[in-house]
Structures are given as structure tokens and as C-alpha cells.
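A.B. asks:
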Amino acid sequence: MKDPLIYGMMAEFDNVNDAIIAARRTYAAGYRKIDAYAPFPVEELSEAIGFHGNGVALVCLIGGLLGCTAAFTLQWWINNVSYPINIGGRPLNSWPSFIIVTFEMTILFSGLSAVFGMLTLNGLPMPYHPVFNVPRFELASKDRFFIVIFASDKNYDGIRTRQFLEGLNPISVAEVPS
Amino acid sequence: MAKPTEVEIGEQKAPVIAPGHTFASITDKIASIVLRRPITNGWLFGFAICFLILQWFLLAVCWLFYKGVGVWGVNIPVGWGFAIVNFVWWIGIGHAGTLISAILLLLRQSWRNSINRFAEAMTLFAVACAGMFPLLHLGRPWLFYWLFPYPNTMTYWPQFRSPLVWDVFAVSTYLTISLVFWFIGLIPDLASLRDQTTNKAIKFVYGLLAMGWRNSVRHWHRYETAYLLLAGLATPLVLSVHTVVSFDFSIGIVPGWHTTIFPPYFVAGAIYSGFAMVLVLAIPIRRFYDIKDFITDRHLENAAMVMLATGWIVAYGYAIEAFVNWYGGDPYENFLRWNRLHGPYAFWYYALLLTNIVVPQVLWVRRIRTSPLWLFLVSLDVLVGMWLERFIIVVVSLTRDFVPSSFGQYYPTWNDWSILVGTLGFFAACMFLFLRLLPAVSISELKTLIPQAEVTVKHEEEVHS
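Now the structure itself:
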């Protein structure tokens, strides 16, 4: 039944509210391997396809803690172990002077973790993706909203899925070749 | 992302975005500046001049590297001179970009959506200019990597108790975070350009840079989290950067430097000069690229009000500095106060008060706040004023410190001036290229501001019932 040459079925909408309603109906109809596309961030749309939390904040936190620990440990080790200099009996572990570099490294590591974590979780860079095979999909970055039901979904059926999407009041429905 | 703004707030204020725009018209208008607008003579002329200045800068730098820092006017007692003045000035200018992109995002000031992109680019190029000065000042700039802690055969390490090492970490972190913040902001717009162009080669380049961004809402969801986190991180970062820059001075014991007002007053001054630079760039950009729909009078007025507010913080800083000099009773600090008002650089101190405090008061007048020409002139005045402020701080204190036998004068040379003007050329040349090659206004963020972006559907339960 599954056609290896078909990646999914794509429906196009010209306004955000239609797209949200359609996404909710798609989810309610039992489709789970779905995705939606919008020219700007729409939180309601990602919730409508059942995507709620994401791991970026956790990656950022871990990166920040790592940067913080690494920076302070490095400074402590340099001044106490590797190259201790006794100047007038001043403490070697003069931690207040180490705070600034620790702070900067915390910011640097957490910022880079947030960016690279986001890209990695999103699977980017990914220059080729089957959705780009649909010519009208170019409008996803301009003014159109798209919903795709992937062929890997257990409820996917070439004819019935097309009929279902056509019932959602889209502008167009197209098969996505893989 | 902030909620869609009311198109007009109040009767008096200009809108954040001109009425009548749709998702498509925003995309077309901004993308066409990059993709379809031919290279005009005006752009070519402006870029050519900046490029020539940049070449002059390179010559001056070559001469500096060949002869050494002796070609500058720095000498004992003034060991810092123009290099540090320019460094602090440039990095301060950069701060407004981060303020607009990060702090105003967190404060949900959605009017910033149309100016944040080029303000971030401004930050990036300004920090690049700033970063050059300490490197040029090193004397042996090819050994710059000695500033970083790495295992080496000399078995030595940087001195982590020194503000100069803190500065290395603060500025390099700032540059890196500003760069990634700017770049991830660009990714969806690069995808827009990729989809808009019909030229294969251009499509390839933008496609490569957009990394296959396909506007999936899952991607947007993570993207928004990352963007917000970066804004939250950049906010304390930008405050820390100029605080650390002020520590370069205030940790020292030189009269006029050793003061606790420096961190807040430096940060305020940075934002003051930065907004002046934002206006100096925004006013011609919106005129020549015909994007007054997106950068409206409202933006100019808001920027002018930020300048007025931060200008008063700076004025307060000057007053408290003078007061503490007197109230502290330290004879050297008292002499510094007298020296600023009556010494060899008194003319420049009065020029500073005039340009930084007196002239910007015209911004109280609404007609001036909404007049591009006036704002442009006041902004130039503030940029000069903030440069003079750093000159006064560095040079007046160093020429007259503690012992009269070590008093001196500072005379900048042609090389000092060439490098200062050269960085202006570098900065402007980068801005010209940026306007030509990348979308100067954020396409995806602007779309959230128009009424069509508003989600009006009811909650899920009501749909299914």
C-alpha cells in the first residue's frame, strides 16, 4: 500500500487561522506524523500538531553550567596549582577576581549551546528535503501556510488522505514526491 | 515573539508599520532591495569613497606595523591615547544594537522588529572596529594569542586578576554572541531570499547560508526558544562588557579613573552614542531605500527619547564625578577637577559639555524629535561628544597625574587620525555591503506586526465540539 516514491500529502492555506483549524482537525483525525509550515513563528500552530516542549533550554543550561565550571576551574588551577605566585601573602584563590571571566564564559558557552543545540535538534543544516519538491512550497517563506501528512503515518492512504485534506478548505493539495 | 502590535497607538504617534501591508508585500519590498534593485550610482559612489578610506587605513596600519607604535602620539605619560579612546567609543556604539535586539525584545517593545537587523549589523561592525585597536596597540600584534590561556612552552598564563584580561574575555564573548544572534536572526530571511530569487547562483548561495531552513513550525518553536534565550543572555552580557571596559580605568588609581560611578555611567554613555549611530544610519537608509513604511517616524522619535534619557544619565555621571572629586577631599582628585575646567584641555572639556549635554536638550522639542534632518545633526553631535568624553577621561587624567615632574602633553599624529578615520571607512564599507547583500529589515519579524498575523481562532475544545 505504501508507495516509496511518495513522501506525503501537502495542503496549502492562505491565512493563519484556517491553518490552525486544519492542523487541529488533522491531529484529531488521528494523524501523528505531520508537520506545519508558516512564514513566521506561530505558537498555536505548533501546539495544534502536538508539538509542545523542546530541549533547547536544557541544552543551553547544560552548556552554561559547563562553561561556568570550566572557566572557574581553569583560573583556580592556574593560580593555585600550575603557576602560584605569592605576592605579599595575598590569597592564591582570589575568587572575586575570577568572577568576571567565569561570567563571560558562562554566557559564551550557554549562548553557543542554545544556537548549536537549536540547529542540531532541528536537523539543520539539511540542504535537501522532499517538501521542496512541491513548487508552491516556495511560498512558505512568503505568505502561505502548509500542512503535510507524511506517508510514514500509519493512517496514511493516498486517496483518503487527499480527500481528508481537501475537506479542510485549503487553497491547493499536492502530493509530495520523495 | 511579542504579540502583534496595534497598528496605531494613540492619535498622536506615528504607526510602527505603515497600514496596508500584507505578508507578501513585506517580503517583496525587503527582498527586492537585495534581489531586484540594480546597483545605483549613489551606492557605488558611497561604497567607493568608503573603500578608498579603507585602503588608506590599510596603508596606515602597514606603516604602523613596519615602524611600531612609535608612529603614534603615545608616549609617557600618555601611554593609551587614541587607541583606547577609539576602542571605548566604538564598543559603546555597538551596545545600542544589542539593546535594541535583546533588551527591547525581552521588554516586548515590538517596534524594535524593524530596526533590530541593521542595528545588530552595526553592533557587529562596531565591535570589529573596536577590537582592532587593542590589537594594533599590542606592539607585536602577531602575538595576540598570548592573551588567551593555552598550554605553552613558556609555562606562563594570563593574569586573571587584571582588567585587561577580563576585557579580552568580555569583548571576544560579546563579538561571538552578537555574531550568532545576528546570524540566527538572518536564517529565516535567507530562506525567504532563496525562495524569492530566480537566479540559480544566487539561490545556491542563500540556500547554503539558510542551511535548508524550511519554515517548519517545529523548527520555529525551537528557534524562538533559542532566540529568547540568546536575548536573555545578551542582556547581562552587554551590561557586563561596558562595565568591564570601565574597570580598565576604575581599577587603576589614576585621578579621574578611580571611581565607582564608572560602570553605570559608561553603560549609559554607550547606549547614548549607540542610539546616535542608529539614527545616523537609519535616517539615510530609510530615505534612500524607500522603507519609511517600516522605519517610521515613530522609530526615530523613540530612539530620540532613549538618547534624551541616557544623555541625562551621562550628565548625572559628570555631576557626580565632579562632586565626589570635591567631596572626597583628595588633593589629586581636586586638582583633576580644576584641571578639566582650567587646564590645557579645558577647551575640549567645555566642548564636551556643549555637545553631550547642552545641544541634545533640543530633543525635548517634539518637532525636532520627528524631524529626520535635525535628528541626524543632533546624533552626529552626540557621536562627537561621546568621543570627546573618552578623550577627556584618557588624556586629561594621564597628562596630569600625581607628580608635576611627570606631567606632559599628548599630540596625536597623522597615523592616529588615519586609523580613526580608517575605521569609520571600514565600518561604512561593511554597512554598504550589508545593505546590498542581506535583508536590512527582518522579514519574518515584521510579519508578526501586521493584523493578518493575529490568531483569532478559539481554543481547541470549541473547535471540536
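Protein sequence lines correspond, in order, to chains X and S. Per the working numbering, the very first residue in the first sequence carries number 2; after that it's consecutive. Per the working numbering, the very first residue in the second sequence carries number 5; after that it's consecutive. A virtual CB, placed ideally from N, CA and C, is assigned to each residue, including glycine.
Taking only three categories from DSSP, how would you classify P131 (chain X)?
C.D. replies: Reading the first sequence from its first residue, position 130 is the one you call residue 131 (chain X). Correct three-state label for P131 (chain X): helix.
A.B. asks: Which whole-angstrom value describes the C-beta separation of V116 (chain X) and I188 (chain S), a residue pair presumed to lie in contact below a C-beta threshold of 8 Å?
C.D. replies: Taking the first sequence and counting its residues from 1, one reaches residue 116 (chain X) at position 115. Taking the second sequence and counting its residues from 1, one reaches residue 188 (chain S) at position 184. Confirmed, about 6 Å.
A.B. asks: Quick check: is the beta carbon of I160 (chain X) nearer than 9 Å to any beta carbon in chain S?
C.D. replies: Against the first sequence, residue 160 (chain X) aligns to sequence position 159. Not closer than 9 Å to any Cβ of chain S, the Cβ of I160 (chain X) fails to qualify, so no.
A.B. asks: Tell me whether V177 (chain X) sits in a helix, a strand or coil according to DSSP, three-state version.
C.D. replies: As a first step, residue 177 (chain X) must be located in the first sequence, where it is residue number 176. When secondary structure is reduced to three states using DSSP, V177 (chain X) falls in the strand class.
A.B. asks: With H, G and I counted as helix, E and B as strand and the rest as coil, what does DSSP make of I265 (chain S)?
C.D. replies: As a first step, residue 265 (chain S) must be located in the second sequence, where it is residue number 261. Correct three-state label for I265 (chain S): coil.
A.B. asks: How long is the line joining the alpha carbons of K7 (chain S) and F14 (chain X), rounded to whole angstroms?
C.D. replies: In the second sequence, counting from the first residue as 1, residue 7 (chain S) sits at position 3. In the first sequence, counting from the first residue as 1, residue 14 (chain X) sits at position 13. Annotation note: pLDDT 43 at K7 (chain S) (below 50); position unreliable, no value reported.
A.B. asks: If we call anything under 9 Å between Cβ atoms a contact, is P37 (chain S) one with P443 (chain S)?
C.D. replies: Working through the second sequence from its first residue, we reach residue 37 (chain S) at position 33. Working through the second sequence from its first residue, we reach residue 443 (chain S) at position 439. The sequence given here has Ile at residue 37 (chain S), not Pro. Cβ atoms of I37 (chain S) and P443 (chain S): closer than 9 Å.
A.B. asks: Is there a Cβ of chain X sitting closer than 9 Å to that of K33 (chain S), yes or no?
C.D. replies: Here the question's residue 33 (chain S) lines up with position 29 in the second sequence. No, K33 (chain S) does not count as interfacial toward chain X.
A.B. asks: Would you mind telling me which residues of chain X sit closer than 9 Å to T264 (chain S), beta carbon to beta carbon, in chain order?
C.D. replies: To locate residue 264 (chain S), count along the second sequence from 1; it is residue 260. Going along chain X, no residue has its Cβ under 9 Å from T264 (chain S), so there is no contact; the nearest lies around 15 Å.
A.B. asks: Give me the DSSP bridge partner(s) of I35 (chain X).
C.D. replies: As a first step, residue 35 (chain X) must be located in the first sequence, where it is residue number 34. Bridge partners of I35 (chain X): X:I150.
A.B. asks: Going by C-alpha to C-alpha distance, which of X:G51, X:S47, X:N16 sits closest to A30 (chain X)?
C.D. replies: Within the first sequence, the letter at position 29 stands for residue 30 (chain X). Of the listed residues, the one whose Cα sits closest to A30 (chain X) is X:G51.
A.B. asks: With a Cβ-Cβ cutoff of 9 Å, do W217 (chain S) and L194 (chain S) count as a contact?
C.D. replies: Here residue 217 (chain S) refers to the residue found at position 213 of the second sequence. Here residue 194 (chain S) refers to the residue found at position 190 of the second sequence. Cβ atoms of W217 (chain S) and L194 (chain S): closer than 9 Å.
A.B. asks: How big is the Cα-Cα spacing for D171 (chain S) and N203 (chain S)?
C.D. replies: Translated into positions along the second sequence, residue 171 (chain S) becomes position 167. Translated into positions along the second sequence, residue 203 (chain S) becomes position 199. Near 45 Å, if we compare the C-alpha coordinates of N203 (chain S) and D171 (chain S).
A.B. asks: M10 (chain X) bridges to which residues according to DSSP?
C.D. replies: Translated into positions along the first sequence, residue 10 (chain X) becomes position 9. For M10 (chain X), which the question treats as bridged, DSSP gives the partners X:I150, X:E176.
A.B. asks: Buried or exposed, going by whether 16 or more other CB atoms sit within 10 Å of the CB of T314 (chain S)?
C.D. replies: The residue you call residue 314 (chain S) lines up with position 310 of the second sequence. Buried: at least 16 other Cβ atoms inside 10 Å.
A.B. asks: Could you tell me whether the segment 434-443 of chain S touches the segment 377-396 of chain S, using the rule of 3 or more Cβ pairs below 8 Å?
C.D. replies: Not touching, per the Cβ criterion.
A.B. asks: Report the residue from S:N219, S:L48, S:Q200 whose alpha carbon sits nearest the alpha carbon of A35 (chain S).
C.D. replies: As a position in the second sequence, residue 35 (chain S) is number 31, starting the count at 1. For the residues S:N219, S:L48, S:Q200, the minimum Cα distance to A35 (chain S) belongs to S:Q200.
A.B. asks: Can you look up V82 (chain S) in the DSSP assignment and give me helix, strand or coil?
C.D. replies: Looking up residue 82 (chain S) in the second sequence gives position 78. Correct three-state label for V82 (chain S): strand.
A.B. asks: Using 8 Å for Cβ pairs, my map puts V461 (chain S) next to I172 (chain X). What's the rounded Cβ distance?
C.D. replies: Position 457 of the second sequence holds residue 461 (chain S). Position 171 of the first sequence holds residue 172 (chain X). That pair is no contact at about 18 Å.
A.B. asks: Rounding to the nearest angstrom, what Cα-Cα distance links E12 (chain S) and P23 (chain S) in this structure?
C.D. replies: By one-based count along the second sequence, residue 12 (chain S) stands at place 8. By one-based count along the second sequence, residue 23 (chain S) stands at place 19. Because the pLDDT of E12 (chain S) is 43, which lies under 50, any placement of that residue in the model is unreliable, and the number read from its coordinates should be weighed accordingly. Distance between the alpha carbons of E12 (chain S) and P23 (chain S): 9 Å.
A.B. asks: Taking DSSP as the reference, what is the three-state secondary structure of S95 (chain X)?
C.D. replies: Numbered from 1 along the first sequence, position 94 holds the residue referred to as residue 95 (chain X). DSSP places S95 (chain X) in coil when its eight states are reduced to three.
A.B. asks: According to the Cβ coordinates, are I57 (chain S) and A432 (chain S) closer than 9 Å?
C.D. replies: Your numbering for residue 57 (chain S) matches position 53 in the second sequence. Your numbering for residue 432 (chain S) matches position 428 in the second sequence. Closer than 9 Å, so yes.
A.B. asks: Less than 9 Å between the C-beta atoms of G85 (chain S) and W93 (chain S), yes or no?
C.D. replies: Walking along the second sequence from the start, residue 85 (chain S) turns up at place 81. Walking along the second sequence from the start, residue 93 (chain S) turns up at place 89. In this structure, W93 (chain S) does not lie closer than 9 Å to G85 (chain S) by Cβ.
A.B. asks: Are G112 (chain X) and F152 (chain S) closer than 9 Å when you measure CB to CB?
C.D. replies: Within the first sequence, numbered from 1, the residue matching residue 112 (chain X) stands at position 111. Within the second sequence, numbered from 1, the residue matching residue 152 (chain S) stands at position 148. No Cβ-Cβ contact shorter than 9 Å links G112 (chain X) with F152 (chain S).
A.B. asks: Ignore the nearest five residues each way along the sequence and tell me which others in L190 (chain S)'s own chain have a CB closer than 7 Å to its CB.
C.D. replies: Position 186 of the second sequence, counted from the start, is the residue given in the question as residue 190 (chain S). Excluding positions up to five away in sequence, the list reads L442.
A.B. asks: Please report the straight-line C-alpha distance between I372 (chain S) and L424 (chain S), rounded to a whole angstrom.
C.D. replies: Counting from 1 along the second sequence, the entry for residue 372 (chain S) is found at position 368. Counting from 1 along the second sequence, the entry for residue 424 (chain S) is found at position 420. Whole-angstrom Cα-Cα distance: 30 Å.
A.B. asks: For V17 (chain X), does the three-state DSSP call read helix, strand or coil?
C.D. replies: As a position in the first sequence, residue 17 (chain X) is number 16, starting the count at 1. Residue state, collapsed to three classes: helix.
A.B. asks: So within the segment 20-82 of chain X, which uninterrupted alpha helix (DSSP H) runs reach at least 4 residues, ignoring any that extend past its ends?
C.D. replies: Fully enclosed alpha helix (DSSP H) runs of 4 or longer: 44-49, 57-78.
A.B. asks: Does F185 (chain S) come within less than 9 Å of chain X when only Cβ atoms are used?
C.D. replies: For this step, residue 185 (chain S) is matched to residue 181 along the second sequence. By this cut-off, F185 (chain S) is an interface position.
A.B. asks: Report yes or no: is there a C-beta of chain S within less than 9 Å of the C-beta of I150 (chain X)?
C.D. replies: The residue you call residue 150 (chain X) lines up with position 149 of the first sequence. Answer no: the Cβ-Cβ gap between I150 (chain X) and chain S never drops below 9 Å.
A.B. asks: So what does DSSP say about S375 (chain S), is it helix, strand or coil?
C.D. replies: As a working mapping, residue 375 (chain S) is identified with position 371 in the second sequence. Three-state result, S375 (chain S): coil.
A.B. asks: Roughly how far, in whole angstroms, is the beta-carbon of V400 (chain S) from the beta-carbon of G260 (chain S), given that I think they are within contact range, below 8 Å?
C.D. replies: Translated into positions along the second sequence, residue 400 (chain S) becomes position 396. Translated into positions along the second sequence, residue 260 (chain S) becomes position 256. Indeed, because the Cβ distance is near 7 Å, the residues count as touching under 8 Å.
A.B. asks: So, with DSSP's three-state summary, where would you put S277 (chain S)?
C.D. replies: Counting from one through the second sequence, the residue named residue 277 (chain S) turns up at place 273. S277 (chain S) falls in the helix class under three-state DSSP.
A.B. asks: Please check if any C-beta of chain X sits within less than 9 Å of the C-beta of V474 (chain S).
C.D. replies: Absent from the model: residue 474 (chain S). The displayed extent of chain S is 5 to 469, so no value can be given.
A.B. asks: Might you give, ordered along the chain, the residues of its own chain that have their beta carbon closer than 6 Å to the beta carbon of M106 (chain X), omitting 5 neighbours on each side?
C.D. replies: Locating residue 106 (chain X) in the first sequence gives position 105, where the first residue counts as 1. Within the same chain, G68, A72 come within 6 Å of M106 (chain X) by CB-CB distance, once the 5 residues on both sides are set aside.
A.B. asks: When burial is assigned at 16 or more other CB atoms within 10 Å of the CB, is E10 (chain S) buried or exposed?
C.D. replies: As a position in the second sequence, residue 10 (chain S) is number 6, starting the count at 1. Because the pLDDT of E10 (chain S) is 44, which lies under 50, any placement of that residue in the model is unreliable, and the number read from its coordinates should be weighed accordingly. When all chains shown are included, E10 (chain S) counts as exposed.
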